[in-house]
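Taking my numbering, I'd label the letters of the sequence shown as residues 1478 to 2060. For each residue, glycine too, the CB sits at the ideal point set by N, CA and C.
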Amino acid sequence: MKTIFNINNWNLRLKMFLPMALVMIALIGIAIFSLSHTKSIAQTLTTKIYDQSYMTNYWLLNADRDYYQALVAQMTLTSSNDPAILEAAKADYTENAQQAYDRVHKAGAIFTAHQAEFAQYQHADSNKTVFELIADFDTNFAAWQQGFDINTNTVANLADSTARFDAARDDINQAEEILDDYNQAVLLESQQLQDQLAQTLIIATIVILLVSLLICILFARNVSRRTKVTLEIINKTAALDLKYSKGYEKYLTEKDEFALIIAAMGGARKQFREVFEQVIAQSSNLQNHIQTVHHHMSHLEDSVQDISATTEQLSASTEETASSTEQMNVTSRELEHAVQSVATKAQDSATSADELTRRAQELSQEFRISYHKSLKIYTHVKERLQKALVESQSVSKINGLVSTIITIAAQTNLLSLNASIEAARAGEAGKGFAVVASEISKLAADSKQAADQIDQITRTVIESVSNLSTNSNDLLQLFVNEIKQDYDMMLSSADQYAESAKGIDDIATDLSSTSEELLSSIENQVKSIHEIAVASNESAEGTSTIAEKTETIVEQTHEVIESMNLSKQGIDELLTSVARFKI
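Here it is as structure tokens:
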């Protein structure tokens, strides 16, 4: 109930309409009251003027006329001898006299019906009331009739009859004059009632206007005060002042337009405060993240530059390894040709045992020459193989560099993932940063893939080099342990070949078999060395690709740093703009 009668819960249309409605209702009430009282006055006036005064006056006037006509008929009866005239005059006399009497008493009946009103009026000359005048009329009228003999048409006392007639008629006239006074009094009373009604209406109108004015002032002050409060909160919001104020809480439970506006503005200001607080907090966090990412990206740039330098060194080392492997390949092919030649000669020796016997001396000399050549080739091949094997051990360094590249690529991928997350948090401002981070992630993935390929190739190379080392050592050991001993044995037994052709043939056969085995082993070594050479070339190409990709990563890392600087500048500008709001 209190809520209903609280004007702060009324809407603005009701506050504006209510004073006018009250005035209209009051005016309508006054109009109805005025019409009602006017109608009552008119009805009273009609009753008194028409039903009482007019009808009474009507009967008295007609009675006076009939009374006079009765006198005229009486005079005709007394003065005429014509029977017809007398008959007519007699009828007129009787009728008019009776009508005069009846009409005076009809007027008297009206007076009697309103005795309380008419009893207070007296004639100014005779001081008689209408009731007394009617009684006098009856006396004078009866005396006037008694003084005339209708049968003989004679008047006993003309003077007395005339006096009685005049007295009776004067009674009628005085009654009419009293009616005139009554009419004046009725009109005066009606005027007084109208004046009272007008005065009442004026007072009521003034009171209503004053009450309406007070209500209007009350509503106007209420509207003005609430408008001022509404403008105050709007101006504060326009001035970027979003500080919370308890002075607006009382309006949150009210329901008029101003309270709704204030509540809406309060809710909006609260949301603005929360948004700006979140913007400030998130901007500070983003600023810290950008600084952290900037630091990591700077470190990444340095690391990538180190990777680039290391990759260039690796490329150079790989190229040298490929070159050494090519040399090993050439040497192995020469050794293959040499061993193949030995095998061919051993085969020829086996098939020409008889000729060897005959040419033992020559063969002994040729074996000495061949021994020295083989020893020279052995020494040369041994030195080159040992050098190539030592240099091939540098392939293991590639494995360490590849591990470093994979580690750096993983760190780069992790940094790009963190950068993508921070770019997603940055929203629209971090789209460019997100693209760069995505490219860095792709490059890191490409680097890891290339590093994995290099690692796989390097493992193959290391395995091939290991096989080559084993086979080469076997070959050298074979030469030292068998071929050299065979040469020594052949040299020491050269003189016995002639006598032991069969023994030479066996030796030649063994030499041929051993040469075939040596040739097969050499061919396998040549094949492995060729594969090492191919792998080394591929490793050199992959390392060059890594170097190129690393250079691209360096450039894009620099672009990312520039984008982060621009993002930091945008966040600083955003914080400067938000700082204008007072929360």
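Q) To the nearest angstrom, how far is it from the Cα of Glu1754 to the Cα of Ile2060? A) Start at 1 with the first residue of the sequence shown, and residue 1754 comes out as number 277. Start at 1 with the first residue of the sequence shown, and residue 2060 comes out as number 583. Pairing Glu1754 with Ile2060, the inter-Cα distance amounts to about 8 Å.
(Q) Given this structure, state the Cα-to-Cα distance separating Thr1930 from Ser1918, to the nearest angstrom. (A) On the sequence shown, position 453 is the one that residue 1930 refers to. On the sequence shown, position 441 is the one that residue 1918 refers to. In the sequence as displayed, the identity of residue 1930 is Gln instead of Thr. Distance between the alpha carbons of Gln1930 and Ser1918 is about 18 Å.
Q.
Quick check on this structure: which residue in Ala1922, Glu1832, Asn1699, Gln1933 has the alpha carbon closest to the alpha carbon of Trp1487?
A. Looking up residue 1487 in the sequence shown gives position 10. Ranking the options by Cα distance to Trp1487, first place goes to Asn1699.
Q | Neighbourhood of Leu2052 by C-beta, 6 Å cutoff - its chain only, sequence neighbours within 5 removed | A | Position 575 of the sequence shown, counting from 1, holds the residue named residue 2052. Answer for Leu2052: Ser1760, listed in chain order.
**Q.** Other residues of its chain near Glu2015: CB distance less than 7 Å, five sequence neighbours each side excluded
**A.** Taking the sequence shown and counting its residues from 1, one reaches residue 2015 at position 538. If we look at Glu2015 and ignore the five residues flanking it on each side, its Cβ neighbours are Ile1934.
**Q.** Residue(s) in a DSSP beta bridge with Lys1919
**A.** For this step, residue 1919 is matched to residue 442 along the sequence shown. Answer by DSSP bridge pairing: none, since Lys1919 is not bridged.
Q. Buried or exposed: His1766, going by 16 or more other Cβ atoms within 10 Å of its Cβ?
A. Taking the first residue of the sequence shown as position 1, residue 1766 is located at position 289. It is buried - the Cβ of His1766 has at least 16 other Cβ atoms within 10 Å.
Q) What's the gap between the Cα of Gln1863 and the Cα of Ser1946? A) Residue 1863 sits at position 386 when you count from the first residue of the sequence shown. Residue 1946 sits at position 469 when you count from the first residue of the sequence shown. For Gln1863 and Ser1946, the distance between alpha carbons rounds to 8 Å.
Q | Close-in-space but distant-in-sequence residues of the same chain around Asn1630 (CB under 6 Å, 5 per side omitted) | A | To locate residue 1630, count along the sequence shown from 1; it is residue 153. Excluding positions up to five away in sequence, the list reads Leu1554, Thr1555.
Q) Between which two residues does the alpha helix (DSSP H) harbouring Lys1567 extend? A) Counting from 1 along the sequence shown, the entry for residue 1567 is found at position 90. Where Lys1567 is concerned, the enclosing alpha helix (DSSP H) starts and stops at 1560-1590.
Q: Could you please give the first and the last residue of the uninterrupted alpha helix (DSSP H) stretch that includes Ser1556?
A: Residue 1556 sits at position 79 when you count from the first residue of the sequence shown. Here the alpha helix (DSSP H) through Ser1556 covers 1532-1556.
**Q.** Pairwise C-alpha distance: Thr1884 and Ala1927
**A.** Here residue 1927 refers to the residue found at position 450 of the sequence shown. Here residue 1884 refers to the residue found at position 407 of the sequence shown. Each residue's alpha carbon lies about 13 Å from the other.
Q) When you compare each of Ala1593, Gln1764, Thr1707 to Glu2050 by their alpha carbons, which one comes out closest? A) In the sequence shown, the residue the question calls residue 2050 occupies position 573. Answer by Cα proximity: Gln1764.
Q: Could you tell me which of Ala1566, Phe1642, Ser1517, Ala1901 sits nearest to Tyr1578, measuring between CA atoms?
A: Looking up residue 1578 in the sequence shown gives position 101. If we check each option's Cα against that of Tyr1578, Phe1642 comes out closest.
Q.
Can you tell me whether Asp1647 is helix, strand or coil according to DSSP?
A. As a working note, residue 1647 is residue 170 in the sequence shown. Helix at Asp1647.
(Q) Given this structure, state the Cα-to-Cα distance separating Glu1843 from Glu1940, to the nearest angstrom. (A) Start at 1 with the first residue of the sequence shown, and residue 1843 comes out as number 366. Start at 1 with the first residue of the sequence shown, and residue 1940 comes out as number 463. Their backbone Cα atoms lie some 40 Å apart in a straight line.
Q) Shortest alpha-carbon distance to Asn1485 belongs to which of Arg1902, Ser1701, Leu1504, Leu1499? A) Your numbering for residue 1485 matches position 8 in the sequence shown. Out of Arg1902, Ser1701, Leu1504, Leu1499, Ser1701 has the C-alpha closest to the C-alpha of Asn1485.
Q. Taking the continuous alpha helix (DSSP H) assigned at Ile2060, which residues delimit it?
A. Translated into positions along the sequence shown, residue 2060 becomes position 583. Unbroken run through Ile2060: none, as it is neither H nor E.
Q) DSSP three-state call for Thr2089: helix, strand or coil? A) In the structure as shown, the chain starts at 1478 and stops at 2060, and residue 2089 therefore has no counterpart that could be examined.
Q) For Gly1744, does the count of other Cβ atoms within 10 angstroms reach 16, so buried, or fall short, so exposed? A) Here the question's residue 1744 lines up with position 267 in the sequence shown. Exposed, by the Cβ-count rule.
Q) Could you give the C-beta distance for Ala1652 and Ile1692, rounded to a whole number, given that I count them as a contact under 8 Å? A) Residue 1652 sits at position 175 when you count from the first residue of the sequence shown. Residue 1692 sits at position 215 when you count from the first residue of the sequence shown. Their Cβ separation, rounded to whole angstroms, is 58 Å, which puts Ala1652 and Ile1692 out of contact at 8 Å.
(Q) On the CB-based measure, 16 or more other CB atoms within 10 Å of its CB, does Ser1513 come out buried or exposed? (A) By one-based count along the sequence shown, residue 1513 stands at place 36. So Ser1513 ends up on the exposed side.
Q.
On a Cα-Cα basis, can you pick out the residue from Leu1717, Ala1914, Tyr1721, Thr2022 that is closest to Glu1789?
A. Mapped onto the sequence shown, residue 1789 falls at position 312. Nearest C-alpha to Glu1789: Thr2022.
Q. Is it the case that the Cβ atoms of Leu1537 and Val1500 are separated by a distance below 8 Å?
A. Position 60 of the sequence shown, counted from the start, is the residue given in the question as residue 1537. Position 23 of the sequence shown, counted from the start, is the residue given in the question as residue 1500. Against a cut-off of 8 Å, the Cβ pair of Val1500 and Leu1537 comes out as no contact.
Q. What do you get for Ser1818, buried or exposed, if any count of 16 or more other CB atoms within 10 angstroms of its CB means buried?
A. For the purposes of this step, residue 1818 is taken as the residue at position 341 of the sequence shown. Exposed, because fewer than 16 other Cβ atoms sit within 10 Å of the Cβ of Ser1818.
**Q.** Whole-number beta carbon distance between Asn1534 and Leu1656, since they are thought to touch under 8 Å
**A.** As a first step, residue 1656 must be located in the sequence shown, where it is residue number 179. As a first step, residue 1534 must be located in the sequence shown, where it is residue number 57. That belief holds up - the Cβ atoms of Leu1656 and Asn1534 are roughly 5 Å apart, short of 8 Å.
Q: Return the residue from the list Ala1921, Ser1893, Lys1979, Lys1705 that minimises the CA-CA distance to Ala1911.
A: In the sequence shown, counting from the first residue as 1, residue 1911 sits at position 434. For the residues Ala1921, Ser1893, Lys1979, Lys1705, the minimum Cα distance to Ala1911 belongs to Ser1893.
Q. If you count every other CB in all the chains shown that lies within 10 Å of the CB of Ser2044, and 16 or more means buried, which is it?
A. In the sequence shown, the residue the question calls residue 2044 occupies position 567. So Ser2044 ends up on the buried side.
Q. Roughly how many whole angstroms lie between the Cα atoms of Ala1921 and Gly1907?
A. Along the sequence shown, one-based indexing puts residue 1921 at 444. Along the sequence shown, one-based indexing puts residue 1907 at 430. Ala1921 and Gly1907 have their C-alpha atoms spaced approximately 20 Å apart.
Q: Pick helix, strand or coil for Asp1983, following the three-state DSSP scheme.
A: The residue labelled residue 1983 in the question sits at position 506 within the sequence shown. The three-state secondary structure of Asp1983, taken from DSSP, is helix.
Q. Measuring CA to CA, which of Gln1676, Glu1734, Leu1717 is closest to Phe1749?
A. The residue you call residue 1749 lines up with position 272 of the sequence shown. For the residues Gln1676, Glu1734, Leu1717, the minimum Cα distance to Phe1749 belongs to Leu1717.
**Q.** Backbone CA spacing between Ala1503 and Glu1731 [nearest angstrom]
**A.** Numbered from 1 along the sequence shown, position 26 holds the residue referred to as residue 1503. Numbered from 1 along the sequence shown, position 254 holds the residue referred to as residue 1731. The straight-line gap from Cα to Cα measures roughly 30 Å.
**Q.** Contact check, Ala1547 vs Ala1574, beta carbons under 8 Å
**A.** Here residue 1547 is taken as the residue at index 70 of the sequence shown, counted from 1. Here residue 1574 is taken as the residue at index 97 of the sequence shown, counted from 1. Closer than 8 Å, so yes.
(Q) For Thr1589, which residues in the same chain have their Cβ closer than 8 Å to its Cβ, ignoring the five residues on either side in sequence? (A) What you label residue 1589 is simply residue 112 of the sequence shown in a count that begins at 1. For Thr1589, where only same-chain residues beyond five positions count, the Cβ hits under 8 Å are Phe1608.
(Q) For Gln1669 and Gln1676, what's the separation of their Cα atoms in angstroms? (A) Numbered from 1 along the sequence shown, position 192 holds the residue referred to as residue 1669. Numbered from 1 along the sequence shown, position 199 holds the residue referred to as residue 1676. Computed Cα separation, rounded: 10 Å.
Q.
Let's see if you can read the secondary structure: which residues bound the alpha helix (DSSP H) around Asn1617?
A. As a first step, residue 1617 must be located in the sequence shown, where it is residue number 140. Unbroken alpha helix (DSSP H) run through Asn1617: 1607-1623.
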